[in-house]
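Peer 1: I am attaching a structure below and will ask some questions about it afterwards.
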């Protein structure tokens, strides 16, 4: 039998063990020696950097007698995180009232949390929601009527609205949909997603969410988008682990696996499923068992090295600009082409005038490159050489996932 290669820290091992207990309900045997040998400061910081603070807070309760009493900052972090979660839920409930009869559903966040055994343990971020593209103008008017302001940050697939501490991302398309045939297949598949929404539950609150089949696609697109970009954290892996644990026996998986093969995400789904099984103790269905354990460990190491959205190492996080074009092209393009696409896209977002006058684009590109070089020389930015080294290291792992690689002849 293939052996797992383990070279993670004691703190990370304990964290994974505790997360597994929360997800599966099976308590792993942790002894006093396990806690005497760890650095509690590192354990808590790891949980924060991976955005799994609340899961650790509950999982650690049976072992709190081993916890140093001096970690007041940890308790404050937990309380503040719970308060932030409650605010987010209240904002979502306000959004429910604002939207009226316009169909929408929540992406990630509370939708992902609804698959957790204890939904309140999942830390929430901004509220992302999907609408029909044809309703963009009407929903914008509704939000503005209720005090939200367009934050002048229109993205390729969403618009940001803010009011006080509330931040909404109104999507008219999912993030991470790729170019070419896979993107076409995904868009066709998602056409009826809003019609198949259902009311999900987050503790005492109900909200519209995609059904199980569509939620799986939402998760995978979101995960690969961030993995090939700034980086994936344990929170994302827990999202997928909880989803698999709750749905693996359902009939929709026949449709799901066929779709994943057609769009080039089947290998990725298998790897994330088996990684979840090996390190978080969740079920590994037969369809994911053929993935090598060593690849799963490379993925886990990548997650532990980067942290949630790459927050552990900003230079490593920035290397995503050389790995892929916001996850829309897999790993098939080189560093220079990826850089150019990112420059072109971010310039169009930063300077909307180029949409009316495309001839300005080259001048703005050179201006932004000049500003970047100036910041590198003054020590305010990381050099492209250092970023390129991180990109090479990460891409060597991601290429094994074959993201969005398909048989074009079969789909034509």
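Residue numbers (my numbering): -2 to 409. For every residue, glycine included, the Cβ atom is placed at its ideal position computed from N, Cα and C.
1. Just to confirm, are residue 127 and residue 171 a CB contact at a threshold of 9 Å?
2. For a test of the three-state rule: what should DSSP assign to residue 28, helix, strand or coil?
3. Quick check on the DSSP output: what are the complete beta strand (DSSP E) runs of length 3 or more inside the segment 190 to 226, in order along the chain?
4. Curious, which full-length alpha helix (DSSP H) runs of at least 4 residues does the segment 56 to 144 contain?
5. Out of curiosity, what's the CA-to-CA distance linking residue 13 and residue 381?
6. Can you have a look at residue 2 and say buried or exposed, based on whether 16 or more other CB atoms are within 10 angstroms of its CB?
7. So if DSSP puts residue 165 in a beta bridge, which residue, or which two residues, is it bridged to?
8. Note the first and the last residue of the continuous alpha helix (DSSP H) segment covering residue 285.
9. Between 49, 55, 94, 362, which has its C-alpha nearest residue 22's C-alpha?
10. Would you call the CB atoms of residue 273 and residue 225 closer than 9 Å?
11. I'd like the span of the alpha helix (DSSP H) that includes residue 319, first residue to last.
12. Give, in chain order, every unbroken run of the alpha helix (DSSP H) that is at least 4 residues long and sits entirely within the segment 322 to 354.
13. Ordered along the chain, which non-local residues of its own chain (more than five positions away) have a Cβ less than 6 Å from that of residue 264?
14. By Cβ distance below 8 Å, which residues in the same chain neighbour residue 159 in space, the five residues on each side in sequence not counted?
15. Could you work out which residue in 259, 189, 123, 282 is closest to residue 268 when comparing CA atoms only?
16. Kindly indicate the opening and closing residues of the alpha helix (DSSP H) around residue 245.
17. Should the segment 335 to 343 be regarded as contacting the segment 306 to 322, the criterion being three or more beta carbon pairs within less than 8 Å?
18. Classify residue 70: buried if its beta carbon has 16 or more other beta carbons within 10 angstroms, exposed otherwise.
19. Are there 16 or more other CB atoms within 10 angstroms of the CB of residue 364, so buried, or fewer, so exposed?
20. Since residue 378 sits in a beta bridge, which residues does DSSP pair it with?
21. Where residue 387 and residue 326 are concerned, what is the direct C-alpha to C-alpha distance, given to the nearest angstrom?
22. Taking the C-alpha atoms as reference points, what is the distance between residue 106 and residue 122?
23. What does a CB cutoff of less than 7 Å around residue 89 pick up in its chain, not counting 5 residues either side in sequence?
24. What residues in its chain sit with their C-beta under 7 Å from that of residue 74, if we drop five residues either side in the sequence?
25. Closest to residue 246 by CA distance: which of 232, 218, 210 is it?
26. How many whole angstroms separate the CB atoms of residue 401 and residue 296, which I take to be in contact at a CB cut-off of 8 Å?
27. Just how far apart, CA to CA, sit residue 242 and residue 6?
28. Let me know if residue 391 comes out buried or exposed under the rule of 16 or more other beta-carbons within 10 Å of its beta-carbon.
29. Do residue 395 and residue 449 have their beta-carbon atoms positioned less than 9 Å apart in this structure?
30. With a cut-off of 8 Å, do at least 3 Cβ pairs link the segment 350 to 358 to the segment 369 to 378?
31. Tell me the residue span of the alpha helix (DSSP H) that contains residue 20.
32. Who does residue 147 pair with in a DSSP beta bridge?
33. Let me confirm a value: residue 271 is counted as buried when at least 16 other C-beta atoms fall within 10 Å, else exposed. Which label applies?
34. With DSSP run on the structure shown, which of helix, strand or coil describes residue 180?
35. Taking its Cβ as the centre, do 16 or more other Cβ atoms sit within 10 Å of residue 155, making it buried, or is it exposed?
Peer 2: Walking through what the data contain:
1. yes
2. coil
3. Those beta strand (DSSP E) runs which fall completely within the segment 190 to 226 and span 3+ residues are 195 to 199, 202 to 206.
4. 69 to 96, 106 to 110, 133 to 142
5. 34 Å
6. Only weak support is given to the placement of residue 2: the predicted model assigns it a pLDDT of 42, under 50, and the question is left unresolved by the model.
7. 124, 158
8. Premise fails: residue 285 is in no alpha helix (DSSP H) and is neither H nor E.
9. 55
10. no
11. Careful: residue 319 lies outside any alpha helix (DSSP H) and carries neither H nor E.
12. For the segment 322 to 354, the continuous alpha helix (DSSP H) assignments of 4+ residues that do not extend past its boundaries occur at 332 to 347, 350 to 353, in sequence order.
13. 398, 399
14. Closer than 8 Å at the Cβ level, and outside the excluded window around residue 159, lie 145, 146, 148, 165.
15. 282
16. Segment: none, residue 245 is in no alpha helix (DSSP H) and carries neither H nor E.
17. yes
18. Label assigned to residue 70: exposed.
19. exposed
20. Residue 378 pairs with nothing; no bridge assigned.
21. 19 Å
22. 7 Å
23. 103, 107, 124, 204
24. 45, 50
25. 210
26. The Cβ separation is near 17 Å, so there is no contact.
27. 26 Å
28. buried
29. No answer is possible for residue 449: the residues shown for the chain start at -2 and end at 409.
30. The segment 350 to 358 is not in contact with the segment 369 to 378.
31. 7 to 21
32. 158
33. buried
34. helix
35. buried
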